[in-house]
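As given, the protein sequences belong to chains A and B, one line each in that order.
With the first letter of the first sequence counted as 1, position 211 gets the number 382 in this note's numbering; the numbers rise by one all the way through.
With the first letter of the second sequence counted as 1, position 297 gets the number 504 in this note's numbering; the numbers rise by one all the way through.
Have a look at the structure below, then the notes.
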Amino acid sequence: MIRQKSRNDNAFSSGRKILFKIFHYVVLIAIAAIMLIPLIWMLGGAFRPHNEIYQSSYPLSWSTFIPQKFTIDNFTHVLFTRNFGRYFLNSVYVAVAMIVPSWYVNSLAAYALERLDFFGSRFSYGLILTTMLVPIQATLVPTYLLIKQLGMHNTLWALIVPFISEPFAVFLLVQHIKDIPKDLDDAAAIDGCGFWQTYWKVILPNLKRSLATVTLMKFIWAWNAFTWPLIAINSSSKWTLQVALATLTTRQTTNYGNTFAGAALATIPPLLLFAFAQRYFTGSTALSGMKT
Amino acid sequence: MLSRISKLASELWQDRLENFYGWMFVLPALIGVLIFRAWPMIRAFFLSFTSYSLIFGDANFIGVANYVEMFTSSRFYSSILVTFQYTFMRVIAEVLLALIIALILRKGGPFVKAVRITVFLPVVTSLVAAAVVWKLMYHPIFGIVNGFLNAVGLPTQDFLASVTQALPSLTATVVWKHVGFSVIIFLSGLNAIPRQFYEAAEVDGANKVQQFFHVTLPLIKRTLMYVIVITTIFSFKVLGPVYVMTQGGPRGATRLLVYNIYETGFQAMRLGYASTLSVVMFLILAVFTFFQIRLLRSEVEY
Chain A
172 MIRQKSRNDN AFSSGRKILF KIFHYVVLIA IAAIMLIPLI WMLGGAFRPH NEIYQSSYPL
232 SWSTFIPQKF TIDNFTHVLF TRNFGRYFLN SVYVAVAMIV PSWYVNSLAA YALERLDFFG
292 SRFSYGLILT TMLVPIQATL VPTYLLIKQL GMHNTLWALI VPFISEPFAV FLLVQHIKDI
352 PKDLDDAAAI DGCGFWQTYW KVILPNLKRS LATVTLMKFI WAWNAFTWPL IAINSSSKWT
412 LQVALATLTT RQTTNYGNTF AGAALATIPP LLLFAFAQRY FTGSTALSGM KT
Chain B
208 MLSRISKLAS ELWQDRLENF YGWMFVLPAL IGVLIFRAWP MIRAFFLSFT SYSLIFGDAN
268 FIGVANYVEM FTSSRFYSSI LVTFQYTFMR VIAEVLLALI IALILRKGGP FVKAVRITVF
328 LPVVTSLVAA AVVWKLMYHP IFGIVNGFLN AVGLPTQDFL ASVTQALPSL TATVVWKHVG
388 FSVIIFLSGL NAIPRQFYEA AEVDGANKVQ QFFHVTLPLI KRTLMYVIVI TTIFSFKVLG
448 PVYVMTQGGP RGATRLLVYN IYETGFQAMR LGYASTLSVV MFLILAVFTF FQIRLLRSEV
508 EY
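Next up, the structure:
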């Protein structure tokens with residue numbers, strides 16, 4: 172049974188206190204272990220030949236997780252023979268092409284909605300936010316038809332264009348702009364800046380922190396996206412990493428080493444990004460609860 | 208007199224300029240959002256009344272025939288049932304675990320911080336990669352889950368191949384992946400409780416358990432409800448694990464509504480009927496999303 176560790180509880184003898192402390196640490200380690208073991212197995216398996224994985228899987232021991240014969244053959248096979256290098260690049264391309272324009276599109280809209288007083292601004296903002304309600308899983312079919320009609324079907328653009336404008340990003344940026352003092356706007360106006368100039372010189376530079384958060388979240392979302400890329404793309408040369416991994420694994424999973432290498436490729440970049448940029452996560456995810 | 212007129216004129220001009228720029232700036236985002244989110248949803252409603260099939264290429268208006276078919280289809284009802292079973296299991300498991308873990312991870316300290324990171328790691332991994340790894344983990348012979356079970360003396364299980372175990376296994380994978388997200392939300396909710404409440408309770412002679420039930424629990428009620436609602440919403444959206452691990456089987460035991468939509472629309476190519484299913488899914492989700500928005504608003508104010 173898991174209980175909250177007691178702190179300054181004087182009713183307990185010090186022996187009991189130590190017991191609680193040990194119990195606490197055991198529980199912490201157990202949690203970390205459960206979270207990490209699948210990832211460790213995957214990582215270990217990616218670097219070993221697949222018959223070694225089979226042989227060491229039963230009975231369970233340290234050797235199940237630690238490679239005896241370290242090899243990168245799985246990676247070379249998967250990257251070159253199985254074309255995962257191509258898919259990796261596709262994923263990178265889609266993510267970057269989606270993110271860079273989104274900086275400007277969303278922040279421009281946020282600036283206009285928050286700072287500019289124009290007819291219908293509140294209505295537009297409401298409209299933009301309301302579209303957050305639409306679950307993409309319910310619009311797979313019509314969006315697919317739309318993509319076909321726009322001629323984007325089976326191109327990487329289909330994965331990029333629909334996601335450049337992002338209501339949640341607009342929301343976040345509007346909140347951030349609220350914190351930028353209006354005096355800066357006025358100072359820029361005095362210096363002769365029009366709205367466009369004010370945007371570039373005053374607003375955009377001050378939004379960097381929010382844009383960084385948005386970029387991180389969007390990158391991870393774009394990198395991990397599966398359902399839409401699965402549907403929008405037909406030719407295997409345009410697969411993104413996730414689609415490739417899913418499709419190739421469903422067909423045949425005889426070589427665990429290769430599968431693990433593919434999975435590692437598919438999951439390492441977001442992990443690395445997370446490791447280096449944690450502090451951006453804990454704040455905003457609590458407020459969002461949006462895409463996963 | 209003239210100067211007043213010219214001042215008025217320049218103000219009017221300023222207003223018009225602001226209007227113009229306002230619209231120009233907001234247009235790219237607005238158009239993008241209207242074309243790719245609002246319009247498809249509207250179109251789905253219309254499509255649901257047609258027999259659009261990509262194989263046969265025609266889109267005839269067939270009235271409510273799709274809806275009739277859906278309401279008399281056992282596959283539809285079974286996918287709804289499966290979805291609710293899955294959602295029920297997942298929400299309970301994830302919310303309870305997340306709350307417990309958040310309570311354990313509440314205090315600081317470097318070790319706790321490290322564990323917090325490990326709890327959030329699976330959230331960032333790709334759902335597909337997680338599904339792939341867990342699929343192998345569930346393997347009856349070579350999977351390490353059975354390895355662990357055998358090591359403590361329990362018999363080997365079929366997991367994904369068993370009609371009764373497939374859905375819970377799928378649920379376990381998704382909970383593993385996503386619990387960190389809920390933990391973070393609970394942590395921020397827990398941290399919002401001011402220390403004084405606990406100190407006051409302690410002065411009144413409450414022990415730790417009583418403090419939990421009388422201070423903590425009431426004050427995180429909103430957070431709790433919020434986590435329940437968003438986890439429910441997320442449950443309706445997961446396609447990846449089903450596609451990778453079970454493809455709806457065995458014998459439809461894991462055919463979630465969203466997978467049914469995928470199968471109907473993109474394997475059988477019946478876009479009209481798939482739209483009907485999508486409309487149903489949207490309506491169900493709309494109810495929950497409504498609650499989510501209400502909770503989000505009140506939470507921010509709180």
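Beta carbons are placed, not taken as given, at the ideal position from N, Cα and C, and that holds for glycine.
What you are looking at is a predicted structure, and each value in this text was computed from that prediction instead of being measured.
* Which whole-angstrom value describes the C-beta separation of Leu-210(A) and Ile-311(B), a residue pair presumed to lie in contact below a C-beta threshold of 8 Å? -> Taking the first sequence and counting its residues from 1, the one referred to as residue 210(A) is at position 39. Taking the second sequence and counting its residues from 1, the one referred to as residue 311(B) is at position 104. The beta carbons of Leu-210(A) and Ile-311(B) sit about 21 Å from each other, so the pair does not count as a contact at 8 Å.
* For Gly-433(A), count neighbouring Cβ atoms within 10 angstroms of its own Cβ and tell me buried if that reaches 16, exposed if not. => Numbered from 1 along the first sequence, position 262 holds the residue referred to as residue 433(A). Buried.
Just tell me which of Leu-367(B), Thr-294(B) and Leu-424(B) has its CA closest to the CA of Gly-455(B). Taking the second sequence and counting its residues from 1, the one referred to as residue 455(B) is at position 248. The candidate whose alpha carbon is nearest that of Gly-455(B) is Leu-367(B).
Practice task
Helix, strand or coil for Thr-425(A), going by three-state DSSP, please let me know.
Solution key: In the first sequence, residue 425(A) corresponds to position 254, counting from 1. Thr-425(A): coil per DSSP, three-state reduction.
- Task: Take the Cβ of Phe-397(A) as the centre, count every other Cβ of all protein chains shown within 10 Å, and call the residue buried at 16 or more, exposed below.
- Result: As a working mapping, residue 397(A) is identified with position 226 in the first sequence. Buried is the call here.
Go to Ala-413(B), then tell me how far its alpha helix (DSSP H) extends in each direction, as first and last residue.
Translated into positions along the second sequence, residue 413(B) becomes position 206. Taken as a continuous stretch (DSSP letters only), Ala-413(B) belongs to no alpha helix (DSSP H), as it is neither H nor E.
query: How about Ala-266(A): is its C-beta nearer than 8 Å to some C-beta of chain B?
result: For the purposes of this step, residue 266(A) is taken as residue 95 along the first sequence, with counting starting at 1. Taking Cβ atoms only, chain B never reaches closer than 8 Å to Ala-266(A), which makes this a no.
Do we get a CB-CB distance below 8 Å when we pair Met-277(B) with the residues of chain A?
Position 70 of the second sequence, counted from the start, is the residue given in the question as residue 277(B). Taking Cβ atoms only, chain A never reaches closer than 8 Å to Met-277(B), which makes this a no.
For this session: For Phe-290(A), go through chain B and note every residue whose CB falls closer than 7 Å to its CB, in chain order.
Result: What you label residue 290(A) is simply residue 119 of the first sequence in a count that begins at 1. Listed by position along chain B, the residues whose Cβ is nearer than 7 Å to that of Phe-290(A) are Asn-226.
Could you check what DSSP says for Phe-218(A) in three-state terms: helix, strand or coil? Taking the first sequence and counting its residues from 1, one reaches residue 218(A) at position 47. Note: Phe-218(A) maps to coil in three-state DSSP.
Quick check on Lys-389(A): buried or exposed, where buried means 16 or more other Cβ atoms within 10 Å of its Cβ? Indexing the first sequence from 1 puts residue 389(A) at position 218. When all chains shown are included, Lys-389(A) counts as buried.
| With burial defined as no fewer than 16 other Cβ atoms inside 10 Å of the residue's Cβ, what is the status of Val-197(A): buried or exposed? | The count along the first sequence starts at 1 and reaches residue 197(A) at position 26. Answer is exposed; the Cβ neighbour count stays below 16.
**Prompt:** With 16 as the cutoff for other CB atoms within 10 Å, does Gly-297(A) come out buried or exposed?
**Reply:** If you number the first sequence from 1, residue 297(A) lands on position 126. In summary, Gly-297(A) is exposed, with fewer than 16 beta-carbon neighbours lying within 10 Å of its beta-carbon over all protein chains present.
Taking the DSSP output, what are the residues bridged to Phe-268(B)? Numbered from 1 along the second sequence, position 61 holds the residue referred to as residue 268(B). The beta-bridge partner set that DSSP reports for Phe-268(B) consists of Thr-257(B).
| request: Compare the C-beta of Ser-258(B) with all C-beta atoms of chain A and state if any pair is closer than 8 Å. | output: Stepping through the second sequence from its first residue, residue 258(B) is reached at position 51. Judged by the 8 Å Cβ criterion, Ser-258(B) is not in contact with chain A.
Q. So which residues on chain A does Arg-402(B) lean against when the C-beta distance must stay under 8 Å?
A. Working through the second sequence from its first residue, we reach residue 402(B) at position 195. Those within 8 Å of Arg-402(B) in chain A number zero; the least Cβ separation is about 12 Å.
(request) Quick one: which unbroken alpha helix (DSSP H) runs of 4-plus residues sit fully inside the segment 188-253 of chain A? Chain order, please. (result) Fully enclosed alpha helix (DSSP H) runs of 4 or longer: 221-228 and 244-247.
Q.
Rounded to the nearest angstrom, what separates Gly-460(A) and Leu-394(B) at their Cα positions?
A. Walking along the first sequence from the start, residue 460(A) turns up at place 289. Walking along the second sequence from the start, residue 394(B) turns up at place 187. Because Gly-460(A) carries a pLDDT of 41, less than 50, the predicted location of this residue cannot be relied on, and no value is offered for it.
Check: Within the chosen definition, does the segment 484-494 of chain B reach the segment 428-445 of chain B through at least 3 CB pairs nearer than 8 Å?
Finding: Taking a contact to require three or more Cβ pairs closer than 8 Å, the segment 484-494 of chain B and the segment 428-445 of chain B qualify as touching.
For this session: May I ask you to report which of helix, strand or coil DSSP gives Asn-325(A)?
Result: As a position in the first sequence, residue 325(A) is number 154, starting the count at 1. Here Asn-325(A) sits in coil by DSSP.
Just the C-alpha distance for Ala-551(B) and Gln-226(A), rounded to the nearest angstrom, thanks.
An answer regarding residue 551(B) cannot be provided, because it is not within the stretch 208 to 509 covered by chain B.
Task: Closer than 8 Å at the beta carbon, the chain B residues around Asn-377(A) - done: The residue given as residue 377(A) occupies position 206 in the first sequence. In chain order: nothing, as chain B lies at least about 16 Å away.
For Ile-374(A), tell me which candidate among Asp-354(A), Ile-391(A), Val-385(A) and Ser-406(A) has the shortest Cα-Cα distance. Residue 374(A) sits at position 203 when you count from the first residue of the first sequence. The option with the nearest alpha carbon to Ile-374(A) is Asp-354(A).
Residues of the segment 370-388 of chain B with Cβ closer than 8 Å to any Cβ of chain A, in chain order: Cβ contacts with chain A: Trp-383, His-385, Gly-387 and Phe-388.
Inset, instruction - Following the continuous alpha helix (DSSP H) through Phe-293(B), name the residue where it begins and the one where it ends. - result: The residue given as residue 293(B) occupies position 86 in the second sequence. A quick correction: the sequence has Tyr, not Phe, at residue 293(B). Residues 281-311.
Cut-off 8 Å between Cβ atoms - residues of its own chain near Asn-261(A), not counting five sequence neighbours on either side: Working through the first sequence from its first residue, we reach residue 261(A) at position 90. Within the same chain, Asn-261(A) has close Cβ partners Leu-327, Lys-409, Trp-410, Thr-411 and Leu-412.
Rounded separation between Phe-327(B) and Ile-391(B) - CA only: By one-based count along the second sequence, residue 327(B) stands at place 120. By one-based count along the second sequence, residue 391(B) stands at place 184. Going from the Cα of Phe-327(B) to the Cα of Ile-391(B) covers about 8 Å.
Cβ pair Pro-220(A), Gly-354(B) closer than 8 Å
Position 49 of the first sequence, counted from the first residue, corresponds to residue 220(A). Position 147 of the second sequence, counted from the first residue, corresponds to residue 354(B). No, the pair does not count as a contact, with Cβ atoms beyond the cut-off.
At what residues does the alpha helix (DSSP H) containing His-385(B) begin and finish? Here residue 385(B) refers to the residue found at position 178 when the second sequence is read from its first residue. Unbroken alpha helix (DSSP H) run through His-385(B): 373-398.
Is the shortest distance between the beta-carbon of Arg-297(B) and the beta-carbons of chain A less than 8 Å? Here residue 297(B) refers to the residue found at position 90 of the second sequence. Chain A, which has no Cβ nearer than 8 Å to the Cβ of Arg-297(B), makes this no.
Practice task
Consider the Cβ of Ser-381(A): report whether some Cβ of chain B lies at a distance smaller than 8 Å.
Solution key: Walking along the first sequence from the start, residue 381(A) turns up at place 210. Cβ-Cβ to chain B under 8 Å: no for Ser-381(A).
- Query: Does the distance from the CB of Val-382(B) to the CB of Leu-304(B) come in under 8 Å?
  - Reply: Position 175 of the second sequence, counting from 1, holds the residue named residue 382(B). Position 97 of the second sequence, counting from 1, holds the residue named residue 304(B). Yes. Within cutoff.
Go to Pro-338(A), then tell me how far its alpha helix (DSSP H) extends in each direction, as first and last residue. Taking the first residue of the first sequence as 1, we reach residue 338(A) at position 167. From DSSP, the alpha helix (DSSP H) with Pro-338(A) extends over 338-349.
### Query
In chain order, what residues of the same chain lie with their CB nearer than 8 Å to the CB of Phe-349(B), ignoring the 5 residues before and after it?
Start at 1 with the first residue of the second sequence, and residue 349(B) comes out as number 142. Result list for Phe-349(B): Leu-343, in chain order.
### Query
Based on Cα-Cα distance, which residue from Phe-447(A), Asp-288(A) and Tyr-427(A) lies nearest to Tyr-228(B)?
Counting from 1 along the second sequence, the entry for residue 228(B) is found at position 21. It is Asp-288(A).
Item to check | Contacting positions in the segment 477-489 of chain B - beta carbon closer than 7 Å to chain A | outcome: Leu-478, Ala-481, Ser-482, Ser-485, Met-488 and Phe-489
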